[in-house]
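Below you'll find the structure, written out as structure tokens, and then a few comments.
Residue numbers (our numbering): 27 to 297.
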């Protein structure tokens, strides 16, 4: 059984990859493709474990993955899982500042699949990463836009100044050995024909004629590029700090974002 797992990390092109997998899935009948909606309990347990480090949550994580594996057709020989929640909680809130929980999560994942498929298992991890400063800024944007984070961008950068993926990657490699771990930088993958999805398609061995069915990859969760994005993020954080009812906060942020996208469109039209 060949299993390729893409567990993130957050804000490294994961939504773009998942959109492409949804699009191409109809052309890959020999593959089982699992996305966030397919194994939600595993992602929930992973987030809980990254908060508590409770072995019970790690057991729930494995149980959710095992239930998914038990439910796929018995003649399945190839599966790909792309769920960034499997890496744990997105850093930046609730006291989580890094991915230090991820090696244990990946080790538990490998242990479960090894128990399920024994010597027939061909497991491979595929990770997406990005340049640290841009990554932290993107995490902040996600939290202030979709959540209720009140930190300014400068404050957030200071809180995550110790964010370092290099030791985490080394620990992941050790945790899942002897299975291989591959990773690609989003900054390098953007120019591929299908962006960060391209190296995953390469690992899967998807032929050119099937790739041709895909549209040109578009960036999901994009931010306006022709406005002061740091100032815009700080505006959203300030709205979160006002203490308004949640729906009022959301509407106020939506209005700010609509104005930013209008400014973006006008700037493009003036070129």
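All C-beta atoms, glycine included, are put in the ideal place defined by N, C-alpha and C. Here the structure is a predicted model, which means the values were calculated and not measured.
Could you work out which residue in the options is closest to residue i when comparing CA atoms only?
i           : options            : result
residue 39  : 54, 191, 224       : 224
residue 139 : 189, 171, 193, 96  : 96
residue 290 : 214, 254, 117      : 254
residue 46  : 277, 282, 106, 211 : 106
residue 158 : 135, 189, 145      : 189
residue 110 : 98, 67, 238, 49    : 67
residue 52  : 199, 98, 239, 63   : 239
residue 162 : 184, 173, 142, 172 : 184
residue 193 : 142, 146, 124, 214 : 124
residue 156 : 216, 203, 199      : 216
residue 150 : 283, 203, 270, 44  : 203
residue 50  : 284, 232, 94, 283  : 232
Short of 6 Å in beta carbon distance, which residues of its chain neighbour residue i, apart from the five on each side in sequence? Order them along the chain.
i           : result
residue 148 : 28
residue 201 : 129, 132, 133
residue 258 : 286
residue 58  : 98, 102, 105
From residue i to residue j, what distance separates their C-alpha atoms?
i           : j           : result
residue 37  : residue 108 : 13 Å
residue 126 : residue 197 : 9 Å
residue 32  : residue 152 : 5 Å
residue 191 : residue 268 : 34 Å
residue 92  : residue 61  : 15 Å
residue 86  : residue 208 : 26 Å
residue 230 : residue 122 : 33 Å
residue 101 : residue 237 : 25 Å
residue 278 : residue 252 : 21 Å
residue 281 : residue 177 : 20 Å
residue 120 : residue 212 : 26 Å
residue 146 : residue 273 : 51 Å
residue 99  : residue 205 : 24 Å
residue 143 : residue 214 : 34 Å
residue 63  : residue 270 : 31 Å
residue 141 : residue 48  : 29 Å
residue 54  : residue 210 : 23 Å
residue 283 : residue 65  : 32 Å
residue 44  : residue 292 : 31 Å
residue 288 : residue 218 : 29 Å
Give me, in chain order, the residues of the same chain whose beta-carbon lies closer than 8 Å to that of residue i; leave out the 5 immediate sequence neighbours on both sides.
i           : result
residue 56  : 103, 104
residue 165 : 36, 37, 116, 117, 118, 182, 186
residue 80  : 74
residue 136 : 149, 201, 202, 205
residue 265 : 275, 278, 279, 282
residue 94  : 60, 64, 65, 68
Taking 8 Å as the cut-off, is the beta-carbon of residue i closer than that to any non-hydrogen atom of the ligand MN?
i           : result
residue 191 : Inclusion of the ligand MN in the displayed structure is not the case, the ligand content being empty and no account of it being possible.
My guess is that residue i and residue j are in contact by the Cβ rule of under 8 Å, so how many angstroms apart are they, rounded?
i           : j           : result
residue 179 : residue 260 : 6 Å
residue 34  : residue 154 : 7 Å
residue 170 : residue 263 : 5 Å
residue 167 : residue 249 : 6 Å
residue 42  : residue 234 : Contact flag wrong, Cβ pair sits at about 20 Å.
residue 114 : residue 172 : Not really, about 18 Å apart at Cβ, beyond 8 Å.
residue 112 : residue 69  : 6 Å
In the DSSP output, which residue or residues are listed as bridge partners for residue i?
i           : result
residue 209 : 153
residue 168 : Residue 168 pairs with nothing; no bridge assigned.
residue 107 : 31, 60
residue 148 : 28
What residues in its chain sit with their C-beta under 7 Å from that of residue i, if we drop five residues either side in the sequence?
i           : result
residue 71  : 83, 86, 87, 90
residue 227 : 220, 237
residue 199 : 207
residue 30  : 106, 150, 152, 229, 230
residue 195 : 209
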